[in-house]
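What follows is a single structure, written as structure tokens, with notes after it.
Residue numbers (this note's numbering): 381 to 751.
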């Protein structure tokens, strides 16, 4: 296959699933001998991107301002000068700029246009740009159904499901009775070893949508049933979230579970955190497009309990049906948690949603488009 030049567009490179997928595809392109260019406003992930052999152009193409339109000629020149074969947009405002820049080139010099629908964004004309690709990558069947429901004019053959994947080497299977991960983490989080009993883990940002209130109510139910469980909210303690954290702690005190709760900042040792716990919770009120937490936890060998909607429900039904509970059914959630803690379920020995599969299928899509 000839050497391709692929340009990916997104707002910034700070953190998050979209950013991680961008780096993963850029690395795969370089490893396969292609040229990978990323355009964003920059961020802490620029250096890892450059370290992979990819290139970065700093343009603030994600800021919602009329001034952002001035970047369109720069994008058009970039596509022309690099001889871009593929332009791949991963977010709405960069997609609008990229689409018009591509259309401004002569037909015989236009790169192929690809979009990825990473989230279940509010339907409408602004979000519709993510369905304009010659190929529209959907990160789950949930996303494909969402696109077909809200944008029925998009031909089904343009939609391609390429699930996000995890690097199973970074999330290796750990035996349930292996205490080493908890002991290793206890150097930074001594609370982990202060008491015995089942440990529940709710990983996620400090935002109301992640379902922290549901997790606290669940903890109270489990402890009321005589099981001395504790709850670790990992990644919730973030700058600017102080008011929300105070609200969570007050709620925990009201429920009588404040001594069994620990809230901590994000960590790069998330795989160890999964391995240190007995049950991972995914209780987001808003349906998620994919639900990477589910796959990461199952890869490590820890059961998951979550609401049966969106990408989380889709993954649980396929990989661990015992972990899916009807949205909002607090009583069923408590009963299922007690059952999973009393008798851990058998988990899949092989996780199909791997990083390598996602990279392979995306590069294959590029190659098919470029002929």
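By construction, the Cβ of each residue, glycine as well, lies at the ideal position given by its N, Cα and C atoms. Remember, predicted model here, so these are calculated numbers, not experimental data.
My output table needs one value for residue i: the three-state DSSP class, helix, strand or coil.
i	result
residue 587	coil
residue 575	coil
residue 519	coil
residue 435	strand
residue 398	helix
residue 695	helix
residue 509	helix
residue 389	strand
residue 417	strand
residue 454	helix
residue 448	helix
residue 680	helix
residue 704	strand
residue 723	coil
residue 503	coil
residue 648	coil
residue 667	coil
residue 569	coil
residue 748	helix
residue 741	helix
Among the options, which residue has its Cα nearest to the Cα of residue i?
i	options	result
residue 550	741, 736, 743, 751	736
residue 487	419, 511, 456	456
residue 389	561, 383, 403	403
residue 495	504, 747, 466, 667	466
residue 499	516, 483, 485, 632	516
residue 396	522, 672, 579, 581	672
residue 653	458, 670, 631, 612	612
residue 696	576, 662, 709	662
residue 744	412, 526, 603	412
Round the Cβ separation of residue i and residue j to the nearest angstrom and send it over; I've been treating them as touching at under 8 angstroms.
i	j	result
residue 725	residue 683	5 angstroms
residue 510	residue 475	6 angstroms
residue 454	residue 385	Actually they are not in contact, since the Cβ atoms of residue 454 and residue 385 sit about 17 angstroms apart, beyond 8 angstroms.
residue 641	residue 597	Going by Cβ atoms, the distance from residue 641 to residue 597 rounds to 12 angstroms, so no, they are not a contact pair.
residue 645	residue 622	Actually they are not in contact, since the Cβ atoms of residue 645 and residue 622 sit about 12 angstroms apart, beyond 8 angstroms.
residue 521	residue 546	So it is not a contact: roughly 18 angstroms between Cβ atoms.
residue 417	residue 387	5 angstroms
residue 752	residue 405	Since the first residue shown for the chain is 381 and the last is 751, residue 752 is missing from the structure and cannot be characterised.
residue 655	residue 558	7 angstroms
residue 589	residue 657	Rounded, the Cβ-Cβ distance is 22 angstroms, inconsistent with contact.
residue 651	residue 680	6 angstroms
How many Å lie between residue i and residue j at the Cα?
i	j	result
residue 585	residue 614	8 angstroms
residue 694	residue 707	13 angstroms
residue 479	residue 719	51 angstroms
residue 380	residue 382	No answer is possible for residue 380: the residues shown for the chain start at 381 and end at 751.
residue 524	residue 537	11 angstroms
residue 469	residue 493	8 angstroms
residue 689	residue 447	39 angstroms
residue 628	residue 400	29 angstroms
residue 553	residue 639	30 angstroms
residue 740	residue 601	44 angstroms
residue 625	residue 437	37 angstroms
residue 583	residue 422	26 angstroms
residue 445	residue 609	48 angstroms
residue 593	residue 723	25 angstroms
residue 691	residue 459	34 angstroms
residue 531	residue 727	36 angstroms
residue 539	residue 514	9 angstroms
residue 544	residue 668	12 angstroms
residue 591	residue 503	23 angstroms
residue 587	residue 485	42 angstroms
residue 443	residue 393	13 angstroms
residue 489	residue 483	10 angstroms
Taking DSSP's pairing of strands, which residues face residue i in a bridge?
i	result
residue 613	582, 643
residue 685	661
residue 492	466
residue 481	Paired residues: none, contrary to the question.
residue 539	516
residue 674	Residue 674 is not bridged to any residue.
residue 497	518
residue 546	734
Do we get a CB-CB distance below 8 angstroms when we pair residue i with the residues of chain C?
i	result
residue 579	Checking the listed chains, one finds no chain C in this structure; it contains a single protein chain.
For a test of your reading of the model: does the CB of residue i fall under 7 angstroms from any non-hydrogen atom of the ligand PLP? Yes or no.
i	result
residue 621	Although the ligand PLP was asked about, the structure shown includes no ligands whatsoever.
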